[in-house]
């Protein structure tokens, strides 16, 4: 357990430093008093993700996600509340004191956490084995040192060694209380009937970290030259590790990527480590696989600028080209550096200091399309068939670029480089555009002329988290407006009672809803009213941060959404330019929004009453009919009264 005072300290720090928190994961740009960037929770071309330092909240106006710094970490990293507190406590150097738990208790939290705990234990086991045993030092540590890695770099990447003994790790893990189930699910151990063995025995170990620094998988390199097995072996896919979604070194590189607004992409583990040792830390590796969409979006969170470092292997370069079109589709800026023959990033980074290496990269890197065109031209030479195929290939690459201005610049450049007239290239581009439209048309259902356009409505996942709360809520608009004033202005004085007691906005809203016993069908709204009442009864000042920082994610997200919404002045106020702030209008607006909610309830009650009257008439139930007619008359009077009140300016005195 973590004590409340520690949680409060972390929450305060998260509110004050929300820009710092979010900037670890995505690139933000200042816009006025706020910051804006591409949302990390859905794929978008135009930034709609806003961070407000003054309010300590984030809000995406595209997908609806919102909350404070803690909620951002929970959502982005899929962490529990407690783990997010630990993460932010570590970030802000706030000691987190909690009751010590045994390995067995730690395992009970949930399966994903259990797998991460096993992986963390394995990393420490491999590291300790390498530094503290004779076999580890003579085999594993000597290998890394022979590659020129300093001990501080070895420690930084938490490198290790898995001993030759068939089940050394499994025995140690079981002895420490870890279950066979999670040793097997993480791929650290292989179990079959009575046979068991360590997956990585006899290999040097490269832990793979997620964005928050947790170990989620491993890569292992065999050292025996006569080994009848793959040189590199990776952890299998699991609930915590998806190879296509992670980049090696992203945890160590993310802050420098944002700082430099540039990411270097290399192929392997040792390429990343060597460049770090050389002083260049904004570097990640695709681990020998072609870039995937998820990996590209991961880089795009931090920067739109990427430089890919290739060694001189032509076959490897051509294989990698296929993944670069995906990068261009995301509107990113891609450059390529072809290293001298015989060098890869690992070896080349050892030949010069960081400043000289950066200077070399800047002088020799080439725009990707220019690089690809030149590379394919070498193959085509004077073969007209190959040249035609090359032109089609290059135009397909240009076609992936979303910005039409950038496309036109590349068409002009390629026209000169390929010695082909621009209209020819544009004709090919037009053909591809037409083909794409036809494909999209074939995928879409035929729409009737009297139907609204398909894109008129928000996608089904936009408010997925709150969807279960708003089903069949016919008062959604009115209730949200009432809640907005509760969250933003709960403590603001509004009116006085006949006894002379001051009523705040929050007290007035709760009193009015209780008078008519108005309950929402949305449990989050009812919860927010209860939160206000409980805090008010305990004498706790109620501000928007009480809701935004609440441990209930639905409450926090709803509060962030309500606070983010801008109030629109009425046409009368806008015309005369007064009053200037929403606060000046509270005595007029708050009673009105409450009355509008009541009026909507009455209208729906009358509609239901009319249906019941019709049913009673059909059934010739005279007693029931008379009862319903009396109720109808009563509600008609209430409706008329509300309409009268809503027809004029309602000012509470």
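In this note's numbering, the protein residues as written are 1 to 653.
The C-beta atom is built at its ideal place from N, Cα and C for all residues, glycine as well.
Three-state class that DSSP yields for residue 537 in the structure shown: Residue 537: helix per DSSP, three-state reduction.
For residue 705, the nearest candidate out of 404, 601, 532 and 365 (CA to CA): Residue 705 falls outside the range modelled here, since the chain spans only 1 to 653, and no answer is possible.
For residue 240, the three-state DSSP class (helix, strand or coil): Three-state DSSP puts residue 240 in coil, outside helix and strand.
Check whether residue 51 and residue 19 have beta carbons under 8 Å apart: Against a cut-off of 8 Å, the Cβ pair of residue 19 and residue 51 comes out as a contact.
Residue 625 beta carbon less than 8 Å from that of residue 617: Yes, the pair counts as a contact, with Cβ atoms nearer than the cut-off.
Whole-Å CB distance - residue 423 paired with residue 45, under 8 Å assumed: The Cβ separation is near 28 Å, so there is no contact.
Counted within 10 angstroms of its Cβ, other Cβ atoms place residue 173 as buried (16 or more) or exposed: Buried, since its Cβ has 16 or more Cβ neighbours within 10 Å.
Beta-ladder partner(s) of residue 209, from DSSP: Looking at the DSSP assignment, residue 209 forms a beta bridge with 215.
Per-residue DSSP class, three states only, for residue 676: Here the chain comprises residues numbered 1 to 653, so residue 676 is not present and cannot be evaluated.
Secondary structure of residue 491, DSSP reduced to three states: Coil.
Residue 381 - DSSP class collapsed to helix/strand/coil: Under the three-state reduction of DSSP, residue 381 is assigned to coil, being neither helix nor strand.
Contacting residues, own chain, Cβ-Cβ under 8 Å from residue 632 (five flanking each side not counted): Same-chain partners within the cutoff: 606, 609, 610 and 613.
Segment limits, alpha helix (DSSP H) that includes residue 195: Premise fails: residue 195 lies in the beta strand (DSSP E), 195-198, not in any alpha helix (DSSP H).
Residue 557 burial status per 10 Å Cβ neighbour count (16 or more: buried): Result: buried.
Residue span of the alpha helix (DSSP H) that contains residue 414, given as start and end: 404-418 is the extent of the alpha helix (DSSP H) around residue 414.
Alpha carbon of residue 351 to alpha carbon of residue 272, nearest angstrom: C-alpha of residue 351 to C-alpha of residue 272: approximately 15 Å in a straight line.
Beta carbon of residue 60 nearer than 8 Å to that of residue 49: Annotated as proximal: residue 60 and residue 49, with beta-carbon spacing under 8 Å.
Closest Cα partner of residue 6 within the set 249, 263, 86 and 177: Here the closest residue by C-alpha is 86.
Burial state of residue 511, where buried means 16 or more other Cβ atoms lie within 10 Å: Looking at its Cβ environment, which holds fewer than 16 other Cβ atoms inside 10 Å, residue 511 is exposed.
Between the CA atoms of residue 419 and residue 77 - distance to the nearest angstrom: The alpha-carbon atoms of residue 77 and residue 419 are separated by roughly 50 Å.
One or two residues paired with residue 333 in a DSSP bridge: Within the DSSP bridge table, the entry for residue 333 names 305 as partners.
Residues near residue 260 by beta carbon distance below 7 Å, same chain, minus five either side: Once the five neighbours on either side are set aside, the close Cβ partners of residue 260 are 282.
Terminal residues of the beta strand (DSSP E) in which residue 265 lies: 263-266 is the extent of the beta strand (DSSP E) around residue 265.
Selected residue, minimal CA-CA separation from residue 365, among 336, 340 and 244: Comparing Cα-Cα distances from residue 365 to each of 336, 340 and 244, the minimum goes to 336.
CA-to-CA distance, residue 42 to residue 564, given in whole angstroms: Straight through space, the alpha carbons of residue 42 and residue 564 are spaced by roughly 19 Å.
Coil, strand or helix - residue 542 by DSSP: Three-state result, residue 542: coil.
Sequence-distant residues of its chain with Cβ nearer than 7 Å to residue 386 (five each side left out): Only 379 and 380 meet the Cβ criterion.
Exposed unless 16 or more other CB atoms sit within 10 angstroms - verdict on residue 436: Residue 436 should be labelled exposed.
Cβ-Cβ distance between residue 160 and residue 116 below 8 Å: Cβ distance not < 8 Å, so residue 160 and residue 116 don't count as in contact.
Whole-angstrom distance between residue 592 and residue 638, CA atom to CA atom: Rounded to whole angstroms, residue 638 to residue 592 spans 15 Å at the Cα level.
Cβ neighbour criterion (16 or more within 10 Å) applied to residue 644: The residue in question, residue 644, is exposed, as its Cβ has fewer than 16 Cβ neighbours within 10 Å.
Alpha-carbon spacing of residue 32 relative to residue 302, whole angstroms: Residue 32 and residue 302: Cα-Cα distance of roughly 21 Å.
Length of the line joining the Cα atoms of residue 277 and residue 156: One C-alpha to the other measures close to 10 Å.
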